[in-house]
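Novice:
Residue numbers (my numbering): -16 to 421.
(1) Going by Cα to Cα distance, which pick from 291, 358, 217 is closest to residue 270?
(2) Closest to residue 289 by CA distance: which of 357, 256, 311, 120 is it?
(3) Roughly how many angstroms separate the alpha carbons of residue 258 and residue 81, rounded to a whole number?
(4) Counting Cβ pairs closer than 8 Å, one from the segment 182 to 189 and one from the segment 150 to 168, do we hit at least three?
(5) Could you tell me whether the Cβ atoms of residue 50 and residue 407 are closer together than 7 Å?
(6) Please say whether residue 317 and residue 432 have beta carbons closer to each other than 7 Å?
(7) Within a Cβ cutoff of 8 Å, which residues of the same chain sit near residue 191, ignoring the five residues on either side of it in sequence?
(8) For residue 209, which option in 40, 30, 382, 28 has the closest C-alpha, if you only look at C-alpha atoms?
(9) With residue 243 and residue 275 assumed to form a contact (beta carbons below 8 Å), what rounded beta-carbon distance in angstroms separates them?
(10) In angstroms, rounded to a whole number, what distance separates the CA positions of residue 384 and residue 369?
(11) Considering only residues of the same chain and omitting the five flanking positions on each side of residue 18, which have a CB-CB separation below 6 Å?
(12) So what's residue 453 in DSSP terms, helix, strand or just coil?
(13) Please specify which runs of the beta strand (DSSP E), each continuous and at least 3 residues long, are wholly inside the segment 148 to 203, giving them in chain order.
(14) How close, in whole Å, do the beta carbons of residue 285 and residue 238 come, if the pair is a contact with beta carbons under 8 Å?
(15) Return the Cβ separation of residue 148 and residue 124 in integer angstroms, given the expectation that the two are a contact with Cβ distance under 8 Å.
(16) Note down the Cα distance separating residue 13 from residue 342, rounded to an integer number of angstroms.
(17) Check each candidate in 401, 340, 403 and name the one with the smallest Cα separation from residue 241.
(18) Does residue 90 come out as helix, strand or coil in the three-state DSSP assignment?
(19) What separation, rounded to the nearest whole angstrom, lies between the Cα atoms of residue 167 and residue 195?
(20) At which residue ranges does the segment 209 to 253 contain complete alpha helix (DSSP H) runs of 4 or more residues, listed in the order of the chain?
(21) Which residue from 349, 379, 361 puts its Cα closest to that of residue 392?
(22) Enumerate in chain order the residues of its own chain whose CB-to-CB distance from residue 85 is below 6 Å, with the five nearest sequence positions on each side excluded.
(23) Cβ atoms of residue 399 and residue 43: under 7 Å apart, would you say?
(24) Going by C-alpha to C-alpha distance, which of 119, 63, 107, 66 sits closest to residue 55?
(25) Using the Cα positions of residue 367 and residue 264, report the straight-line distance between them to the nearest angstrom.
(26) With distances taken from CA atoms, which of 52, 111, 38 is nearest residue 25?
(27) Strictly by DSSP, which residues pair up with residue 339?
(28) Would you identify the three-state DSSP class for residue 63, choosing helix, strand or coil?
(29) Is it the case that the Cβ atoms of residue 376 and residue 262 are separated by a distance below 7 Å?
(30) On a Cα-Cα basis, can you pick out the residue from 61, 28, 59 that is closest to residue 48?
(31) Between residue 109 and residue 136, what straight-line distance do the alpha-carbon atoms span, to the nearest angstrom?
(32) Tell me the DSSP secondary structure of residue 26 in three-state form.
(33) Per DSSP, which one or two residues make a beta bridge with residue 127?
(34) Compare the Cα-Cα distances from residue 224 to each of 114, 59, 296 and report the closest residue.
(35) When burial is assigned at 16 or more other CB atoms within 10 Å of the CB, is residue 218 buried or exposed?
(36) Per DSSP, which residues does residue 297 bridge with? Please list them.
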């Protein structure tokens, strides 16, 4: 493993080039000009500022902490997610496992709300970053305001900033005024940063559209806890969930996973299932994994449609998701807005389950290969979704093993290890000062 270098003089013409390796989105970064005069061969000291422990991010911090080329400390705005909180989307109290905090150095800045403008942890952050003396600081977005506070603190202390976030331009329709205001604010914010890590195709397109130079944009692909799900995949026992729900073994099972809320548009899937009693000679059943304010309405509509092929199983912890994916033939994510990625697609594909997603789901260009790993349909179009379900069901009759393998191969590129490697790689090419946007 090459030694990481902390650059002491960037006046010597360091140029960093981000290379797009094609459809697999496997970018790499390399130095193509004269290196700086003075380097220090020592582990990079990375500070991460995150709003709270998030189940899709903490495995990356754990992986980074295990790398000999990185000294890591994570600063959480709050630890409410592991203490338990009421999730408005799920409509119930959610508490994530304490294991999210295991295996890496971390500190919580405050117990006060992180979405307040005068966030109490900001003053603590100044002192704690000064004590840690990081090579760089990684932030995970521009909302909540904690991240704006972090930018101010890091600029004050002269710490280079990197951002890895759910950035996209295609998750929703924005009016002309909204677009102009958003672009203006983001350009101001991005001008304070030294580097960017795209999570996928749409993320990279977003940065380029707003003027971020390609040489400042690496790749740290969006991912789930791939190690956890791989363990569940190896231990899967198909048929267990079907039996508990009285679903025939020959049935086609279409899975929805997520909050039962407007932006996820579960009604479009329900409409498609009601109108598709059988396909390729198999009865079609649907499992809705998750909870939310639309659950009662969905259940009522299923009853009114005399459809006993729809099953609601509520929210499930990560540790039990393998039982669900083991009995799914396909996953449908019909979101109509604000689906910047759709990590349930990563989860499903790690189990070899193909996916049908709407054209508003951010991971589509990265993970969905037509007829190989699934399909993309026009959002809100139940008739089009019904046709895609039937088409994928027919393909599964003759190509189930090929589709299973293609899904697992595709999502393997979007792993925790790849994300951690992308972050560590970015640390080797940071300038000492912020970049300027053209």
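Beta carbons: idealized from backbone N, C-alpha and C, even for Gly.
Specialist: Result, derived from the coordinates:
(1) Taking the chain shown and counting its residues from 1, one reaches residue 270 at position 287. Ranking the options by Cα distance to residue 270, first place goes to 291.
(2) As a position in the chain shown, residue 289 is number 306, starting the count at 1. Ranking 357, 256, 311, 120 by Cα distance to residue 289 puts 256 first.
(3) By one-based count along the chain shown, residue 258 stands at place 275. By one-based count along the chain shown, residue 81 stands at place 98. So the two alpha carbons sit approximately 43 Å from each other.
(4) yes
(5) Locating residue 50 in the chain shown gives position 67, counting from the first residue. Locating residue 407 in the chain shown gives position 424, counting from the first residue. Going by C-beta atoms, residue 50 is nearer than 7 Å to residue 407.
(6) Past the edges of the chain, shown from -16 to 421, lies residue 432, and the structure says nothing about it.
(7) Along the chain shown, one-based indexing puts residue 191 at 208. Result list for residue 191: 197, 200, in chain order.
(8) The residue you call residue 209 lines up with position 226 of the chain shown. Here the closest residue by C-alpha is 40.
(9) Stepping through the chain shown from its first residue, residue 243 is reached at position 260. Stepping through the chain shown from its first residue, residue 275 is reached at position 292. Contact flag correct, Cβ pair sits at about 3 Å.
(10) By 1-based counting over the chain shown, the position of residue 384 is 401. By 1-based counting over the chain shown, the position of residue 369 is 386. Their backbone Cα atoms lie some 23 Å apart in a straight line.
(11) Position 35 of the chain shown, counting from 1, holds the residue named residue 18. Note on residue 18: pLDDT 36, under 50, position unreliable in the model; the coordinate value appears next. Once the five neighbours on either side are set aside, residue 18 has no close Cβ partner at all.
(12) Outside the shown range of the chain, which is -16 to 421, sits residue 453, and nothing can be said about it.
(13) 178 to 181, 200 to 202
(14) Numbered from its first residue, the chain shown carries residue 285 at position 302. Numbered from its first residue, the chain shown carries residue 238 at position 255. At roughly 16 Å, the Cβ-Cβ gap does not stay under 8 Å, so residue 285 and residue 238 are not in contact.
(15) Numbered from its first residue, the chain shown carries residue 148 at position 165. Numbered from its first residue, the chain shown carries residue 124 at position 141. Confirmed, Cβ separation roughly 4 Å.
(16) Along the chain shown, one-based indexing puts residue 13 at 30. Along the chain shown, one-based indexing puts residue 342 at 359. Any reading at residue 13 must be qualified, since the residue scores a pLDDT of 35, below 50, and its modelled position is unreliable; no value is offered.
(17) Numbered from 1 along the chain shown, position 258 holds the residue referred to as residue 241. Cα-wise, what sits closest to residue 241 is 340.
(18) Working through the chain shown from its first residue, we reach residue 90 at position 107. Strand.
(19) The count along the chain shown starts at 1 and reaches residue 167 at position 184. The count along the chain shown starts at 1 and reaches residue 195 at position 212. Taking the straight line from one Cα to the other gives about 13 Å.
(20) 209 to 217, 223 to 227
(21) By 1-based counting over the chain shown, the position of residue 392 is 409. Selected option, being the one with the closest Cα: 349.
(22) Your numbering for residue 85 matches position 102 in the chain shown. If we look at residue 85 and ignore the five residues flanking it on each side, it has no Cβ neighbours.
(23) If you number the chain shown from 1, residue 43 lands on position 60. If you number the chain shown from 1, residue 399 lands on position 416. Contact flag set, yes.
(24) Translated into the one-based positions of the chain shown, residue 55 becomes position 72. Considering only alpha carbons, the answer is 119.
(25) In the chain shown, residue 367 corresponds to position 384, counting from 1. In the chain shown, residue 264 corresponds to position 281, counting from 1. Between residue 367 and residue 264, the C-alpha separation is close to 20 Å.
(26) To locate residue 25, count along the chain shown from 1; it is residue 42. Among 52, 111, 38, the Cα nearest to that of residue 25 is on 52.
(27) Translated into positions along the chain shown, residue 339 becomes position 356. According to DSSP, residue 339 bridges with 315, 358.
(28) The sequence position of residue 63 within the chain shown is 80, counting from 1. The answer is helix: DSSP assigns residue 63 an H, G or I state.
(29) Locating residue 376 in the chain shown gives position 393, where the first residue counts as 1. Locating residue 262 in the chain shown gives position 279, where the first residue counts as 1. Yes.
(30) For the purposes of this step, residue 48 is taken as the residue at position 65 of the chain shown. Of 61, 28, 59, the residue nearest in Cα terms is 28.
(31) Here residue 109 refers to the residue found at position 126 when the chain shown is read from its first residue. Here residue 136 refers to the residue found at position 153 when the chain shown is read from its first residue. Spanning the two alpha carbons is a distance of roughly 6 Å.
(32) Taking the first residue of the chain shown as 1, we reach residue 26 at position 43. Correct three-state label for residue 26: coil.
(33) Residue 127 sits at position 144 when you count from the first residue of the chain shown. DSSP lists no partner for residue 127.
(34) Taking the first residue of the chain shown as 1, we reach residue 224 at position 241. Of 114, 59, 296, the residue nearest in Cα terms is 296.
(35) Taking the chain shown and counting its residues from 1, the one referred to as residue 218 is at position 235. Its Cβ having fewer than 16 others within 10 Å, residue 218 is exposed.
(36) Start at 1 with the first residue of the chain shown, and residue 297 comes out as number 314. Paired residues: 272, 273.
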